[in-house]
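What follows is a short report on a single structure.
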Amino acid sequence: MKIYAAKDYKDMSRKAANLISAQVIMKPDAVLGLATGSTPVGAYEQLREWYEKGDLDFSRIRSVNLDEYKGLSGEHDQSYRYFMNHNLFDHVNIKKENTNVPSGLAEDAEAECARYDGVIRELGGIDLQLLGIGGNGHIGFNEPCDVFEKGTHVVTLTEETRRSNARFFSSIDEVPTHALTMGIGGIMGAKKVLLLASGEAKAKALYDSCFGPVTPGVPASILQLHNDAVIIADEAALAEIREKTGWEGDVYDN
1 MKIYAAKDYK DMSRKAANLI SAQVIMKPDA VLGLATGSTP VGAYEQLREW YEKGDLDFSR
61 IRSVNLDEYK GLSGEHDQSY RYFMNHNLFD HVNIKKENTN VPSGLAEDAE AECARYDGVI
121 RELGGIDLQL LGIGGNGHIG FNEPCDVFEK GTHVVTLTEE TRRSNARFFS SIDEVPTHAL
181 TMGIGGIMGA KKVLLLASGE AKAKALYDSC FGPVTPGVPA SILQLHNDAV IIADEAALAE
241 IREKTGWEGD VYDN
C-alpha cells in the first residue's frame with residue numbers, strides 16, 4: 001500500500017482526480033469502478049472541470065458502481081444512480097449505456113447480484129476502483145463481519161452506517177436498511193485500487209486498515225494484500241497513522 005498525504009479535502013480531491021484522469025488518458029476505454037458518498041464529490045468536480053476545458057474524453061469509458069440502496073429507484077434523489085448522474089455522468093460525455101449501477105428495485109436481489117458480477121466479468125474486470133472508507137472500516141457496503149464476502153451481495157446496513165448516511169435523508173427512518181454491494185472479490189480483482197479518506201472520523205479506521213491485522217472485522221484491511229493499492233488521505237484522517245508510526249513525510253510505502 002502506498003499512502004499519499006494531502007493537506008486538506010481539496011488537495012486530496014485534486015490528487016485523486018489526477019490519478020483517475022491519468023487512467024482515462026492512458027486507456028480511453030478503461031473500466032472505472034466508482035464510489036459515492038461525500039468523499040469523492042470533490043474529485044468528480046475536478047474531473048468535470050478538466051472535461052469542460054477539453055482535457056478529458058469519457059466517450060469510451062465504461063463504469064461500474066460499488067453499490068446501491070435496496071428499495072430505491074434510480075430516480076430517487078438519494079439513490080446512487082441519481083448521485084452519479086448528478087455529480088458526474090450528466091456533465092461529461094460518458095455514454096449512459098456504458099455506466100452500470102446495481103438495480104435497487106430488482107424483484108430478485110440475489111439474481112441481480114449474480115447479474116452484476118457477470119457484467120463486471122464481461123467488461124474484462126475493473127482497471128481502477130475508487131473507494132471511500134467508513135468509520136468502521138467498511139468499503140462499498142461491505143460491513144465488518146466474520147468473513148470476506150467475495151461476490152456482489154445483499155447486506156444489512158449497520159446502525160452506525162445508517163446514522164452516518166442519515167445526513168442525506170430527512171431522518172434516519174428514511175435510510176434503507178439493506179443495500180446491494182460489490183463484494184471484496186470484485187474490489188480486489190481491480191488492477192488498481194484508490195482509497196480516499198478525509199476527516200478525523202476516519203483516522204482510526206484508516207490506521208487499522210493499513211497497520212492492523214487483515215480481518216473481515218475491518219473490511220478495508222484486505223487492501224494490504226492488493227498488488228497496487230493507493231491511499232490518499234488528508235491530515236485529519238492521517239492523524240492516528242502519524243501519531244503511532246512517527247511518519248512525517250508526504251509519501252509512505254507500507
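To convert, note that position 194 of the sequence shown is 194 in our numbering; the numbers rise steadily by one, no gaps.
Note that beta-carbon positions come from the ideal geometry of N, C-alpha and C, so glycine has one too.
In this text the structure is predicted, and so the values were computed from the model without any measurement.
Exposure of residue i, with buried meaning 16 or more beta-carbon neighbours within 10 Å
i, result
"residue 26", "exposed"
"residue 52", "exposed"
"residue 163", "exposed"
"residue 101", "buried"
"residue 65", "buried"
"residue 42", "buried"
"residue 186", "buried"
"residue 172", "exposed"
"residue 81", "buried"
"residue 111", "exposed"
"residue 177", "exposed"
Under the three-state DSSP convention, the category residue i falls into
i, result
"residue 248", "coil"
"residue 39", "coil"
"residue 202", "helix"
"residue 253", "strand"
"residue 192", "strand"
"residue 53", "coil"
"residue 83", "helix"
"residue 24", "helix"
"residue 186", "helix"
"residue 58", "coil"
"residue 208", "helix"
"residue 171", "coil"
"residue 118", "helix"
"residue 223", "helix"
"residue 133", "coil"
"residue 108", "coil"
"residue 19", "helix"
"residue 238", "coil"
Bridge partner(s) assigned by DSSP for residue i
i, result
"residue 180", "68, 154"
"residue 233", "5, 197"
"residue 88", "According to DSSP, residue 88 bridges with nothing at all."
"residue 32", "63, 128"
"residue 98", "Bridge partners of residue 98: none, in fact."
"residue 142", "139"
"residue 215", "218"
Expected contact under 8 angstroms - CB spacing of residue i and residue j to nearest Å
i, j, result
"residue 195", "residue 20", "Not quite, the Cβ-Cβ distance comes to about 13 angstroms (not below 8 angstroms), so this is no contact."
"residue 5", "residue 233", "7 angstroms"
"residue 7", "residue 235", "6 angstroms"
"residue 209", "residue 221", "5 angstroms"
"residue 219", "residue 137", "6 angstroms"
"residue 55", "residue 28", "With a Cβ gap of about 13 angstroms, residue 55 and residue 28 do not count as contacting."
"residue 31", "residue 62", "5 angstroms"
"residue 126", "residue 190", "4 angstroms"
"residue 192", "residue 128", "5 angstroms"
"residue 87", "residue 59", "Not a contact, Cβ separation roughly 19 angstroms."
Residues near residue i in its chain [Cβ-Cβ closer than 6 angstroms; skip 5 each side]
i, result
"residue 147", "216"
"residue 253", "2"
"residue 205", "133, 135, 137"
"residue 201", "135"
"residue 119", "100"
7 angstroms CB neighbourhood of residue i in its chain, flanking five on each side removed
i, result
"residue 141", "67, 155, 157, 179, 181"
"residue 46", "13, 14, 17"
"residue 153", "113, 181, 183"
"residue 79", "68, 69, 72, 73, 104"
"residue 149", "142, 183, 184"
"residue 9", "42, 198, 234"
"residue 188", "222, 226"
"residue 239", "200, 203"
"residue 160", "135, 136"
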